[in-house]
Each structure stands twice: as C-alpha cells, then as structure tokens.
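Right, one structure below, let's go through it.
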Amino acid sequence: MTILDGRTGSILFEHAKDVGLPPASSLKTITAAAALHYLGANYTYETLLQYSGKIDTVTGFLDGYIYIVGNGDPSLGSWRYDESITADFIVKKWIETIKKAGIRKCRGIIGDTSRWNNTKTMIIDGWTWNDIGHWYGTGHSALNWRENEFTIEIQPGSSNNTSAHIIAIKNPPPRLKIINELMTSSLEGEVSLYFSVDGSNVGYLRGIVPLDASPNFNVHCAVPDSAVYAAHELTQELRINGIYVKQEARAGSSENEKLSLLNIHQSPPLSKLIEQFLRISINMYGEVFVKTIAHRTGKSSLLDAPLKILSSYVHTLLDIENSLDGIAITDGSGLSRSNRLSTYALARILFTVQKQPWFDNAYYEAFPTINGLRMKSGTLMNTIAYAGYIKEHSFVFSFMINNYHDETAPNMRKKIWNMLDALK
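For the sequence shown, counting from 1, position 327 maps to 327 in UniProt numbering; every step adds exactly one.
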C-alpha cells in the first residue's frame with residue numbers, strides 16, 4: 001500500500017510499494033486519465049447512418065445497402081444517459097430519416113466496423129472463459145450497441161437439483177441458440193453463459209440458480225457480435241414499420257463503397273462517459289477508450305493498444321525513460337489478471353494528474369463516492385484494490401491485496417475501512 005501527501009507527493013506510509021500486483025478495476029483510473037489526456041473532456045463519438053447505391057424515386061427501392069458506420073461509441077443505445085441515447089430513440093430516429101430519404105425497400109442493413117480496420121475483439125488476452133459470457137466481460141468493436149449485452153430471465157426449479165428454466169430473453173442477438181444446463185440449488189453459485197468459440201451464436205448457460213431466487217432472476221450476458229446486433233435491431237424495426245429489407249442483417253465493410261449520408265448520431269462528451277466508466281465500472285468502455293486513442297493518434301496498432309498506449313502514458317506522466325518495476329498493462333479495464341501495477345506507481349499517477357486542466361470537473365468528480373471518499377475499487381478472485389483521494393486531495397492512496405483467503409475478506413475490508421476513516 002502507498003499513501004502520499006496530496007500537496008507534495010511525499011510518501012506518508014508504504015508497505016511493499018514497488019511490488020506489482022493485479023490492480024483489478026483500479027486500473028481504470030489510468031485509462032480514464034489517458035483518455036482525457038489524448039482525446040479531451042469534450043470529445044464525442046460519431047456514428048453514421050449511410051447508404052450505397054441509388055434510390056428509385058418512383059418505387060422507393062434502394063439498390064444498395066444501409067450502413068451503420070461505427071467509430072467506437074461505447075454508449076450507443078445505452079440506457080444510462082438521457083433518452084436521446086437509448087436504443088429505442090436512436091432506431092426511431094434512423095427509421096424517420098430513412099423514410100424521409102424516400103427509401104421504402106433496400107437490400108439489407110450492414111453493421112460497419114471498417115473505421116477500426118474491421119477489428120473485432122470479443123475476447124481480450126488474459127480474460128477468462130468464466131468472464132467473457134457475462135455483461136462485464138463483453139467484447140467491443142467500432143460498432144457497439146446496447147453496451148453489447150442482453151438479458152436472460154430465469155426461473156429457479158421447485159426444489160434442489162432440479163433444472164432452472166429460461167422464461168424470456170430481452171433484446172436477444174440474432175440467430176442465438178442457448179443450451180440451458182442450469183440447475184437449482186440451495187448452495188451459493190453463479191450463472192455464466194459460455195460461447196463455444198469467439199463470435200459463435202451457440203451459448204451454454206451453466207451454473208447454479210439459488211432456490212430462493214426471485215421468480216424472474218435476471219442474468220446479464222455478453223453479445224457475440226455487436227455489429228450484427230445493431231444491424232439486426234434496425235432490420236427488424238424497419239420491417240415492423242413497413243419498409244422491406246430483403247436480406248438478414250450482417251457485419252461488413254463500406255471501405256470500397258461510395259456512400260451518401262442519412263444521419264449522424266453524437267455521443268455524450270467523454271467526461272460523461274468517464275463518469276459511467278468509473279462509477280459503474282464498465283469494462284467495455286475501457287477497452288474502447290484505449291482503442292480510440294490508438295486509432296486517433298496512430299500511437300500503436302489496435303491489437304496491442306493497451307500495452308503500448310497506457311504504458312507509454314504512465315512513463316510520460318511519471319517522467320521515466322526506462323521500464324518501471326511493477327508495471328505491465330494488458331487491457332484497459334483491469335479485468336485481466338495479467339496486469340501488474342505497484343501501489344506506488346498508481347498513487348504517483350493519481351497525484352500527478354491533479355495538475356491537469358481536466359482534473360477537477362472531468363476526472364475527480366467522476367470518481368465514485370464510497371464511505372465519504374472519492375475512490376475507485378477493484379475486485380478479482382482473491383484480489384481487492386482501492387485507489388483515490390481523501391480530504392480534498394490532501395491524501396492520495398492506493399491499496400492492493402492479493403491471494404487472500406475468502407474467509408479473511410470481511411475482516412480485511414474492515415481494517416482497510418478503519419485505516420481510511422482515520423485519514424478522513
């Protein structure tokens with residue numbers, strides 16, 4: 001652990017400050033700072049609705065395709081912001097725009113990820129199979145939709161060791177096949193959706209549903225292909241609204257097409273996205289931010305962006321030329337157990353960014369308020385991390401505990417809270 005004086009940066013207390021440990025979601029504090037540094041607090045994502053081919057003004061037939069061209073917006077279709085960002089509002093607006101253009105028929109809807117060189121990452125290096133079926137382990141691309149998650153409603157069985165049942169699937173991805181292997185039990189457990197391979201539409205729903213669970217037990221799951229997910233929803237709604245769409249939705253590229261613009265959707269400013277990223281701890285946002293930095297600045301390829309972008313930012317921020325002990329970054333969210341970060345390095349970063357013009361309004365205010373403190377927590381299996389600020393920046397701290405036993409966790413957390421309370 002490391003505690004610094006928030007005014008001078010001097011070490012007030014430390015224990016094993018240079019040991020690199022998995023930082024879990026406390027890594028998000030670095031990703032957020034890097035995004036604000038490279039992109040700016042007012043940066044917005046634009047998603048384009050465009051079409052190829054020509055529109056027959058008599059029949060309304062578009063001899064071409066409608067493209068949803070993504071630029072990485074992680075909030076597209078999200079329910080966390082105002083109504084204008086929600087999926088229902090956006091789709092309605094797109095349909096109105098399509099009708100206004102005179103289109104009554106088209107060949108199909110294509111989810112376009114070509115702005116990121118068609119890079120689609122649904123499994124991050126270092127993420128486990130136990131994570132990637134959950135909402136927090138969903139993948140990302142240049143075209144994200146509804147935060148790349150959907151909900152399965154489950155009902156527990158009537159007694160121990162009986163099957164649990166799928167009641168409904170809300171906003172399901174297209175062509176999804178779920179093999180239900182869930183069991184009901186009075187024992188503790190969790191439910192996971194496992195896809196057989198990356199991008200597969202076949203998922204295995206496994207785990208334990210508590211016997212005393214509510215009749216409508218919700219499991220939030222990852223979408224296998226976000227670009228197709230977005231294109232499919234628009235296709236379905238167009239058909240409902242009387243517009244003929246010949247083909248089923250698919251992902252594709254418009255790189256070699258001459259396109260005409262129908263609509264531009266703009267995301268909330270980055271400062272608002274950062275707020276949700278830190279407070280809700282949405283892992284997908286972190287991966288998108290790092291890829292956006294790579295794409296906008298050309299500082300690295302999209303595939304190795306976390307390692308190069310965030311490591312370079314840390315070295316620049318701390319004014320060091322060589323590799324720093326205790327730092328190895330493999331993703332932008334902290335979900336990977338391959339990440340290594342020392343408490344001293346993280347505390348120094350939190351101290352240093354206080355000088356940035358975006359610190360007060362876009363960064364510090366985005367931190368969750370926990371027990372009266374501005375801090376970001378992080379958890380992985382047998383890992384706990386906390387990092388943040390105390391007393392209007394008078395103290396900066398970073399704690400990481402790794403490889404503890406589950407039965408010691410409550411007492412350990414209590415001791416951490418007691419220490420933080422003493423510093424308030």
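Don't be surprised by glycine CBs; every beta carbon is placed ideally from N, CA and C.
> Thinking C-alpha only, which one of ALA328, ARG337, LEU335 and SER338 is nearest ALA345?
Replying inline: ALA328
> Over what stretch of residues does the alpha helix (DSSP H) that includes THR29 continue unbroken?
Replying inline: 28-39
> In terms of residues, what are the limits of the alpha helix (DSSP H) holding ARG348?
Replying inline: 343-352
>> Please identify the residue among GLY252, VAL223, SER336 and ALA33 whose C-alpha is closest to the C-alpha of residue 432.
In response: One cannot answer for residue 432 here, as it falls past the ends of the chain, which runs 1 to 424.
> Grouping DSSP H, G and I as helix and E and B as strand, with all else coil, what is ASN148?
Replying inline: helix
>> With the cut-off set at 8 Å, would you say VAL396 and ALA347 are in Cβ contact?
In response: yes
> Shortest alpha-carbon distance to ALA213 belongs to which of THR57, ASN160, GLU83 and ARG7?
Replying inline: ASN160
>> Report the CB separation of ASP112 from SER254 in whole angstroms; it is logged as a contact under 8 Å.
In response: 5 Å
>> Just to confirm before moving on: does the CB-CB distance between ALA164 and ILE154 stay below 8 Å?
In response: yes
>> Using 8 Å for Cβ pairs, my map puts TYR286 next to GLY332. What's the rounded Cβ distance?
In response: Looking at the sequence itself, residue 286 is Gly, so the reference to Tyr does not match. Their Cβ separation, rounded to whole angstroms, is 4 Å, which keeps GLY286 and GLY332 in contact under 8 Å.
> What do you get for VAL58, buried or exposed, if any count of 16 or more other CB atoms within 10 angstroms of its CB means buried?
Replying inline: exposed
>> Considering only the alpha carbon of each residue, which of LYS246, GLY64 and ARG80 lies closest to PRO268?
In response: ARG80
>> Could you check whether the region 371-387 touches the region 17-34, counting it as contact only if at least three pairs of C-beta atoms, one from each stretch, sit closer than 8 Å?
In response: yes
> Would a C-beta distance cut-off of 8 Å place GLY133 and GLY70 closer than the cut-off?
Replying inline: no
>> Using only the alpha-carbon positions, how far apart do GLU181 and ARG206 sit?
In response: 5 Å
> Does DSSP put GLN236 in a helix, in a strand, or in coil?
Replying inline: helix
> Less than 8 Å separating the beta-carbons of LYS376 and PHE367?
Replying inline: yes
> Between the Cα of THR282 and the Cα atoms of LEU317, ALA231 and GLY334, which residue gives the shortest distance?
Replying inline: Rather than Thr, the amino acid found at residue 282 in this sequence is Ile. Checking every option, the nearest Cα to that of ILE282 belongs to GLY334.
> Taking VAL245 as the reference, which of ARG7, TYR65, VAL228 and SER75 has the closest Cα?
Replying inline: TYR65
>> Here's the rule I'm using: 16 or more other beta-carbon atoms within 10 Å means buried, otherwise exposed. How should ARG296 be labelled?
In response: exposed
>> On the DSSP bridge list, what partners appear for MET375?
In response: GLY388
> Distance, Cα to Cα, ILE68 vs PHE289?
Replying inline: 20 Å
>> Taking only three categories from DSSP, how would you classify ARG250?
In response: strand
> Nearest to LEU373 by alpha carbon, out of TYR194, LEU341 and MET419?
Replying inline: MET419
> What residue from GLU149, ASN411, GLN266 and SER26 has the CA that sits closest to HIS220's CA?
Replying inline: GLU149
>> DSSP three-state label for MET284, please.
In response: helix
> In whole angstroms, what separates the C-alpha of CYS217 from that of TRP145?
Replying inline: One detail in the question is off: residue 217 reads as Phe in this sequence, not Cys. Answer to the nearest angstrom: the Cα atoms are 23 Å apart.
>> At the level of alpha carbons, what is the spacing between HIS265 and ILE280?
In response: 24 Å
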